[in-house]
Every structure is written in C-alpha cells, then in structure tokens.
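Under full-length UniProt numbering, the first residue of the sequence shown carries the number 1, and numbering increases by one thereafter.
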Amino acid sequence: MPRADEYPLVSWDSPTDPANPVNFSTRYRWTLILLASSITFMTSISSSMLAPAVPAILAEYDSTNSTLGSFLITVYLLGLGVGPLFWGPLSEIYGRLPVQHVGDVGFLAFTILCAESKSLAMLAIARLLQGTLASVPMVNGGALIADMVKQEERGLALSIYTMGILIAPSVGPVAGGFLATAKGWRWVFWLISIILGALSVMAAFTWRETYAPVILRHKAKKLRKISGIRFRGEHDVSLTSTARFKQGIGRVFQMLALSPIILMLSIYMGLIYSYFYLLLTTLAPVYEALYGWKPNMTGLAFLGMGVGFGICQLIYAGISDRILKSMAQKSGEMKPEYRLLPTIAGGLLVPVALFWYGWAAQARIHWIVPIIGTSLLAFGHNLIFMGIQSYIVDAFTLHAASGLSANAVTRSVMASVLPLAAPKMYDTLGLGWGNSLLGFLALAMVPVPWLFVIHGERLRTWNSGRFM
Numbered sequence: 001m002p003r004a005d006e007y008p009l010v011s012w013d014s015p016t017d018p019a020n021p022v023n024f025s026t027r028y029r030w031t032l033i034l035l036a037s038s039i040t041f042m043t044s045i046s047s048s049m050l051a052p053a054v055p056a057i058l059a060e061y062d063s064t065n066s067t068l069g070s071f072l073i074t075v076y077l078l079g080l081g082v083g084p085l086f087w088g089p090l091s092e093i094y095g096r097l098p099v100q101h102v103g104d105v106g107f108l109a110f111t112i113l114c115a116e117s118k119s120l121a122m123l124a125i126a127r128l129l130q131g132t133l134a135s136v137p138m139v140n141g142g143a144l145i146a147d148m149v150k151q152e153e154r155g156l157a158l159s160i161y162t163m164g165i166l167i168a169p170s171v172g173p174v175a176g177g178f179l180a181t182a183k184g185w186r187w188v189f190w191l192i193s194i195i196l197g198a199l200s201v202m203a204a205f206t207w208r209e210t211y212a213p214v215i216l217r218h219k220a221k222k223l224r225k226i227s228g229i230r231f232r233g234e235h236d237v238s239l240t241s242t243a244r245f246k247q248g249i250g251r252v253f254q255m256l257a258l259s260p261i262i263l264m265l266s267i268y269m270g271l272i273y274s275y276f277y278l279l280l281t282t283l284a285p286v287y288e289a290l291y292g293w294k295p296n297m298t299g300l301a302f303l304g305m306g307v308g309f310g311i312c313q314l315i316y317a318g319i320s321d322r323i324l325k326s327m328a329q330k331s332g333e334m335k336p337e338y339r340l341l342p343t344i345a346g347g348l349l350v351p352v353a354l355f356w357y358g359w360a361a362q363a364r365i366h367w368i369v370p371i372i373g374t375s376l377l378a379f380g381h382n383l384i385f386m387g388i389q390s391y392i393v394d395a396f397t398l399h400a401a402s403g404l405s406a407n408a409v410t411r412s413v414m415a416s417v418l419p420l421a422a423p424k425m426y427d428t429l430g431l432g433w434g435n436s437l438l439g440f441l442a443l444a445m446v447p448v449p450w451l452f453v454i455h456g457e458r459l460r461t462w463n464s465g466r467f468m
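Quick look at the structure:
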C-alpha cells in the first residue's frame, strides 16, 4: 500500500489559475481587504469604546473599585491573547472562511450578552468571551493578505487593513463618551452589534476561501470522488484533523520558543502595545483631574492618538512598498528584513513621546501639549506595529496565521496586565517619572529591530523547516 506522500499531487492548473487567490481580480481582493478592515475596526473599537462609561457602570453596580473598572477594559485584551492560540491553527486546518464566520457570529452573540449583562461579573465574563472571538479577524486579516497579495504590494494592503486595528481604539472613547452620556452604556454594545451584524451579512455573501493548502485539499477531494484515485493537496500531510489542530497550537508555541525573531519582536510589540492601552485606561482620569474636563468630554483627549495613527498610516502606505523595492534594487533581492526599517524610526520616537507626555501633563502645561505627546506616541507605535506585522507576513508566509497568532498572544497578554499597574505606578512616581520609566524601557528595546535587519536572514534560514 503506498504511503500518503506517494499519492498523486494536486497543484494549480497554471500560474494564472483563477482558483489561486493571488490571481483573484484586483477589485475582489480589495473588496475582501476593506471588508476585513471594517470588521476588524468594529472588534477593535470594542476594546476601548467602553472606557468613558466605566464610572457609570461602577456606579450602577455600587462599586468604587477603580482596578475593577480597568479590568473591564483589559479583560477584553486577555481574550485577544487567548483566542489566537485556537483561531490561527484552525484557520490553517479548515481555512480562513469557516473560522471568519464563526468569529463574526460568536463576537456578535457575546456583544449582545454584554449589553444584557445583569452584574459586573457577568459583564466581565462576556467581555472576555467577546475578546476571544474578536481575535479572529485580527489573526485572519494579516493571513488573508499573505494569501492573496504579492510581497511587493503587501505594505499598502497591510496599512489599509490595520487601520481597523490601530485607529479604532483611539476613536472608541470619543464615540463611547458621547453615546454613553446620551443613551447609556448598554447602547455602546448595541451600536457595535448593529454595525457588526450588517458587516457579517456582507461577509457571508462575499467572502471566499483564500488559504491555498485548503483550496488544494478541496480540489483533491473532488478529484478523488470523480476518479477514485487518492489525490492529495500540495501541502497536505497524513494527519487527522485533531492531530493537525494539536500540531497547529504547538506551532504557535514553537515559534515563540524556537524563533528568536518571533519571540523578541512579539515582546517588543507587546511592550509598545501595552503603553497604548495604558493611556486608554488613564488618559481620561488625567484630563479630569488636571484639566477639569467633564466625563463626556474626556474622550476628545484620545483624538491626538487618532491623528497620530491616521497620519502615520497614510505615510506608511506610501513608503513601505517603495522602501522594499528600492532596497531590493540595490541588493538584488527582496528581503523581508527591509520591512523593519520603519520600525527603527518608530522605536526612537516612542521614548521621546513618553517623556513629552509625562512631564507636560505633570507640569499642567496647556492641554494640547500632552495630547501632541500622545500623537507622537501613536505615530511611533504605528511604525513599530506595521513594520513587525509586515515582516512576519513576508518572512513566514505559509504559516503567517501562526506567526501572527504568536505575536497577538504575547502583545495582548502584556497589554492586559500593564494597565492594571498604572494607577499605583503613577501614584508612586507621578506622571513625569512614571512615563519616563516606560520611556527608558522602550529605549532599551530600540536595538531589537536593528539586530534582525542585520541577522534576520541567517536566523530565518536556520529556522527553515522547523515549523511543520
């Protein structure tokens, strides 16, 4: 009896095979990217839109525990950290399509549960589950681009897609503040449910499978039915679905344990991502206490970060692919490491922004000055986030979902913990030295992307074939 690897191999009919996702029409590919970005925008805005309403929620349930209030925000991030352990491997077994639909429906269900919560405990559990399902589009989106878009065009595609991840959390508090004041905090969840429900219906009718190994596996299955010959897909392995799932989860931890690239870049992104959510949970109280802003106005303080993200996104979209092509012309090779060059600039900007914001706020300089600092922080954060995301997609294309999952787990867990320590840190050190401490930590991480620009190719070659 022949071994599984001796069965006839099924591949694409030709380099222009229309079933191959890289050959989907430009219009359809951008339709999927924009739809994925819109869904990710809604799942991302959920992480922060509740922030201005936390005092009202605590008051409704007769609680004065500020740490519990922060937990209602950060528990969502904990869900974002747990979810990728499952969704990344599942998308590489069953495909992006079914996992995306499960994520859309599940997120909608738990958002409605948040709106109907009868206690703080019920709300916290619903937020955890909501975050777990919200991680689906965050893992699937980058993988979707790896599936469909050529390397030299991914910078623009990723910059458009990640607008949802990066801009939404800074816009959320603005919308949430006004909505919670006008309609009550439950309407934050109802509005998200209505919009996400409409997007989910659109996805149900337009989304097609994009993961090549799954498409080829389905093609092989059809050929087996027609011919009786045991064809197999190009990337198929002789494993049951359960074994493949275990292998997939193992791959996420393998990448963290065996790839210095994934481990160090995930820790770096996790640190910078934590700073962003630390600001989300502390900026409103700072502007209430130091500048006398009313609760329904404090959301406006987050607009500085939104501006920083937006400007950076436009610049990155214009320069990322150009940098890659320019460096490739000089070296004769299109190396993924070129994606990290903007990250170095972002790494230098983040400490400056933290020093600026912390000392300006502590000195109670005009309210716009600290906001400019948060805008610079968002700009630097965005360069780091985009550079690392693009690099992982280019360097680990076949297992992009697992690489992005490893990164998402690390950054989300770190971001769920650090904001909880912020009130005590600021009480002890003040805004000036507290943010300076964060700035010095960020400064210590600046050499990390440099190391991978220089040695990344050698490390990728060393890791080649280890993540099966």
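Quick reminder that beta carbons are idealized off the backbone N, C-alpha and C, glycines included.
Counting only residues of its own chain and dropping the five nearest sequence neighbours on each side, residue 448 has a CB closer than 6 Å to the CB of 264 and 268.
The alpha carbon of residue 94 has as its nearest neighbour, out of 79, 215, 183 and 453, the alpha carbon of 215. Taking the CA atoms as reference points, residue 346 sits about 26 Å from residue 49.
If you draw a straight line from the Cα of residue 415 to the Cα of residue 222, it comes to about 45 Å.
A Cβ-Cβ contact shorter than 9 Å links residue 168 with residue 41. Residue 422 sits close to residue 434, with the two beta carbons spaced by under 9 Å.
Taking C-beta atoms as the reference points, residue 259 and residue 411 fail to come closer than 9 Å. With fewer than 16 other Cβ atoms inside 10 Å of its own Cβ, residue 18 counts as exposed. DSSP, reduced to helix, strand and coil, places residue 299 within a helical segment of the structure shown.
In this structure, residue 196 lies near residue 111, with their beta-carbon atoms less than 9 Å apart.
Where residue 288 is concerned, the enclosing alpha helix (DSSP H) starts and stops at 260-291. Residue burial annotation: residue 439 is buried, with at least 16 other C-beta atoms found within 10 angstroms of its C-beta. Counting along the chain, residue 44 sits inside the alpha helix (DSSP H) bounded by residues 26-48. Under the Cβ criterion (8 Å, minimum of three pairs), the region 361-380 does not count as touching the region 101-120. Minimum Cα-Cα distance from residue 290 among the listed residues 457, 368 and 120 corresponds to 368. Taking the Cα of residue 351 as reference, the smallest distance to any Cα among 335, 397, 392 and 437 is reached at 437. Relative to the Cα of residue 348, the nearest Cα in the group 379, 319, 339 and 145 belongs to 379. For residue 184, the secondary structure class from DSSP, reduced to helix, strand or coil, is coil. Sixteen is the threshold: when 16 or more other Cβ atoms of the shown chains lie within 10 Å of the Cβ of residue 84, as they do, the residue is buried. Taking the Cα of residue 442 as reference, the smallest distance to any Cα among 406, 353 and 388 is reached at 353.
With 16 or more other Cβ atoms inside 10 Å of its own Cβ, residue 157 counts as buried. By the CB criterion at 9 Å, residue 384 and residue 343 fall inside the cutoff.
Annotation for residue 310: 167 place their beta carbon closer than 7 Å to its own, counting only its chain and skipping 5 residues before and after. Residue state for residue 60 is assigned as helix, using DSSP reduced to three classes. Annotation for residue 98: the continuous alpha helix (DSSP H) segment containing it runs 96-115. Taken in chain order, the whole beta strand (DSSP E) runs of length 3 or more contained in the region 115-145 number zero. A residue is called buried when at least 16 other Cβ atoms come within 10 angstroms of its Cβ; residue 67 does not meet this threshold and is exposed. Going by beta carbons, residue 212 and residue 400 fall outside the 9 Å limit.
DSSP places residue 322 in the helix class (H, G or I) of the three-state scheme.
Rounded to whole angstroms, the gap between the alpha carbons of residue 247 and residue 455 is 28 Å. Going by beta carbons, residue 78 and residue 307 fall outside the 9 Å limit. Around the beta carbon of residue 96, a 10 Å sphere encloses 16 or more other beta carbons of the protein chains shown; the residue is thus reported as buried. Ranked by Cα distance from residue 252, the options 151, 142, 132 and 404 are led by 404. Here DSSP, grouped into helix, strand and coil, assigns residue 435 to helix. DSSP places residue 159 in the uninterrupted alpha helix (DSSP H) bounded by 154-161.
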